[in-house]
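Read through the structure below, which is laid out as structure tokens, and then see the notes.
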Amino acid sequence: MKITDARVFVGGPKKNYVTLKIMTDQGVYGLGDATLNNRETLPAKYLQDYLIPNLIGMDPRNSEDIWQFLYRGAYFRRGPIAMAAYGAIDMALWDIKGKLANMPLYQLFGGKSRDGAMCYAHATGADLEDLMDSVAAYVDEGYKAVRVQCGIPGMPTASYAVPEEKGARNYITDYSGIRPTVEIWDSGKYMRFMPEALMRIRERFGPELHILHDVHHRLTPREAAEFAKAVEPVGLFWLEDPTPADDQDALKLLRRHSTVPVAIGEVFNSIYDCNKLIEQELIDYIRVAVTYAGGITHVKRIVDLAALHHVKTGFHGAPSHSPLCMAAQAHLNAWAPNFGVQEYLVLGTPECDALFPSEHRMENGMVYVSDAPGLGVDFDETEVARYEYQPGSHPVVRLEDGTMWNY
Ligand code: CS2
Ligand code: MG
Numbered sequence: 425m426k427i428t429d430a431r432v433f434v435g436g437p438k439k440n441y442v443t444l445k446i447m448t449d450q451g452v453y454g455l456g457d458a459t460l461n462n463r464e465t466l467p468a469k470y471l472q473d474y475l476i477p478n479l480i481g482m483d484p485r486n487s488e489d490i491w492q493f494l495y496r497g498a499y500f501r502r503g504p505i506a507m508a509a510y511g512a513i514d515m516a517l518w519d520i521k522g523k524l525a526n527m528p529l530y531q532l533f534g535g536k537s538r539d540g541a542m543c544y545a546h547a548t549g550a551d552l553e554d555l556m557d558s559v560a561a562y563v564d565e566g567y568k569a570v571r572v573q574c575g576i577p578g579m580p581t582a583s584y585a586v587p588e589e590k591g592a593r594n595y596i597t598d599y600s601g602i603r604p605t606v607e608i609w610d611s612g613k614y615m616r617f618m619p620e621a622l623m624r625i626r627e628r629f630g631p632e633l634h635i636l637h638d639v640h641h642r643l644t645p646r647e648a649a650e651f652a653k654a655v656e657p658v659g660l661f662w663l664e665d666p667t668p669a670d671d672q673d674a675l676k677l678l679r680r681h682s683t684v685p686v687a688i689g690e691v692f693n694s695i696y697d698c699n700k701l702i703e704q705e706l707i708d709y710i711r712v713a714v715t716y717a718g719g720i721t722h723v724k725r726i727v728d729l730a731a732l733h734h735v736k737t738g739f740h741g742a743p744s745h746s747p748l749c750m751a752a753q754a755h756l757n758a759w760a761p762n763f764g765v766q767e768y769l770v771l772g773t774p775e776c777d778a779l780f781p782s783e784h785r786m787e788n789g790m791v792y793v794s795d796a797p798g799l800g801v802d803f804d805e806t807e808v809a810r811y812e813y814q815p816g817s818h819p820v821v822r823l824e825d826g827t828m829w830n831y
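For the working numbering, add 424 to where a residue sits in the sequence shown, where the first one is 1.
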């Protein structure tokens, strides 16, 4: 069996999804996602100029060897652009494998460990009252887990995930141009407001609701330890990215002062970004995404390592991931003995469903994986032609005195 051709498509509803389609001499094709948020053209170019010409003629069934060829063969290892490109190839090869076996991917991993996978929604509010309404709406929809982000008094622009005018701007991609909007941050204002706000949410919604909160890399290790201690009585499901995740020792201080569960890893792209955090049991949830972290082959290794150290999965599921990445994660979630929760924002809009038809379904805050062979998602090439690439950017963050900070 041979790979005969592969094509890359960039486009989608309100997102520049990067979709790879690998064709074979047996008519079976595979699909993969290489969408690197706000840098979409780069993995697309890497695939087109370097990787696809190498894939032609290879046996698509040898997904492990092809992964090793890509990773070792590049010489310059890791990095989000390369790993997203390998991720798309790897997903497409697993998709082909599943179609050949006539089995959904979770069966190839070891079958189902659960019927549905719990996921969490994003509640946001310009202020606490507004946030309470947003949480209540998700609870009414049946969600058992909700991430809560709130506008901070005296800090009008930089409360992560809270658009200035609610709904006016997509907080993970600003399409007004390639130059980022600047937001102003003050950790003191945040730390004075947020623990009490989280407690009010707990009091209003009771002990059963899983409450998650994302600090989005904004605190220093000492501040993070203080914050984690302050929010301990809330009983959070997790505290996400309290510190910038590239400092793997930063969490030691937090661990000495608090038992709050910690989730990290949405910006990681390799097992070597998180092996220390996992082996030293400094985190409770690993947040990698199948796209950014080199596909199913590599992420499955991370999941297995995590399982040895009581670390559960909490795969990244921001709207930047296409339904292909979310499907790969749905299959891993169905299988993983150490599944924790899934962030879920993508599937289900009519435009997305038209572009990526699938039978994965979401009900009452749970994702139910499709039984179709492979990833269980198709791709409509005529639909994608409706969309043009739109350059966008993440905001950047500065402190009140102008010092550059972490978005
Ligand atoms: C976020 C992301 O989902 C999350 O937890 O931290 O939305 C993140 O801001 C984006 O993926 C950035 O591209
Ligand atoms: Mg996050």
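Glycine included, every Cβ here is placed at the ideal spot set by N, Cα and C.
- Assignment of F533 by DSSP, reduced to helix, strand and coil, places it in the helix class.
- Taking a contact as a CB-CB distance under 8 Å, the pair W759 and Y530 counts as one, their CB atoms being some 5 Å apart.
- Look at the beta carbons and you see the segment 812-821 not touching the segment 782-798: under three pairs across the two are nearer than 8 Å.
- Boundaries around F629 are those of the alpha helix (DSSP H), S611 to F629, since no beta strand (DSSP E) includes it.
- Remark: the shortest separation between the CB of I596 and any heavy atom of the ligand CS2 falls under 7 Å.
- With fewer than 16 other beta carbons inside 10 angstroms of its own, Y813 counts as exposed.
- Boundaries of the alpha helix (DSSP H) around V723: G719 to L732.
- Under DSSP, W829 forms a beta bridge with V821.
- Distances from the CA of N762 to each of D564, T737, I702 and V563 were compared; the closest alpha carbon is that of T737.
- Shown here, E812 sits in coil according to DSSP, grouped into three states, outside any helix or strand.
- Separation of A547 and H740 (C-alpha to C-alpha, rounded to the nearest whole angstrom) is 16 Å.
- Per DSSP, reduced to three states, the secondary structure at E767 is strand.
- In the DSSP assignment, Q573 falls within the unbroken beta strand (DSSP E) covering A569 to C574.
- Cβ neighbours of K653 within its own chain (closer than 6 Å, five residues either side excluded): H681 and S682.
- E647 has its Cβ no nearer than 7 Å to any heavy atom of the ligand MG.
- With fewer than 16 other beta carbons inside 10 angstroms of its own, T806 counts as exposed.
- Rounded to the nearest angstrom, the gap between the Cα atoms of G451 and D489 is 22 Å.
- A straight-line Cα-Cα distance of about 8 Å links Y584 and C574.
- No Cβ-Cβ contact shorter than 8 Å links L675 with V658.
- Taken atom to atom, the span from the alpha-carbon of D449 to that of N699 is near 39 Å.
- In this structure D708 is in contact with V735, their Cβ atoms being roughly 6 Å apart against a cut-off of 8 Å.
- Secondary structure note for Y441: it is in no beta strand (DSSP E), with a DSSP letter that is neither H nor E.
- Exclusion of the five residues before and after M425 leaves T448, D449, Q450, D483, P484 and R485 as the residues of its chain whose Cβ lies within less than 7 Å of its Cβ.
- H634 has its CB no nearer than 7 Å to any heavy atom of the ligand MG.
- Inclusion of H640 in the 7 Å shell around the ligand MG follows from its C-beta lying nearer than that to a non-hydrogen atom of the ligand.
- Of the candidates V821, T443 and T465, the residue whose Cα lies closest to the Cα of L455 is T443.
- Out of G826, A742, A430 and F617, the CA that lies nearest to the CA of C543 is found in A742.
- Pairwise C-beta distances place the segment 711-730 in contact with the segment 498-511, as three or more of them are shorter than 8 Å.
- Nearest C-alpha to R642 among D610, E656, L636 and G566: D610.
- Put simply, the backbone Cα of V808 is about 14 Å away from that of P774.
- Between the beta-carbon of L475 and that of I513 there is about 6 Å, and that keeps the pair under the 8 Å contact cut.
- In this chain, the alpha helix (DSSP H) harbouring A758 covers P747 to W759.
- Distance from the CA of A430 to the CA of D804, rounded to the nearest whole angstrom, comes to 15 Å.
- Of all C-beta pairs linking the segment 595-607 to the segment 624-644, fewer than three are shorter than 8 Å, placing the two stretches out of contact.
- Residue nearest to V432 within the set K439, K438 and T465 is T465 (criterion: CA-CA distance).
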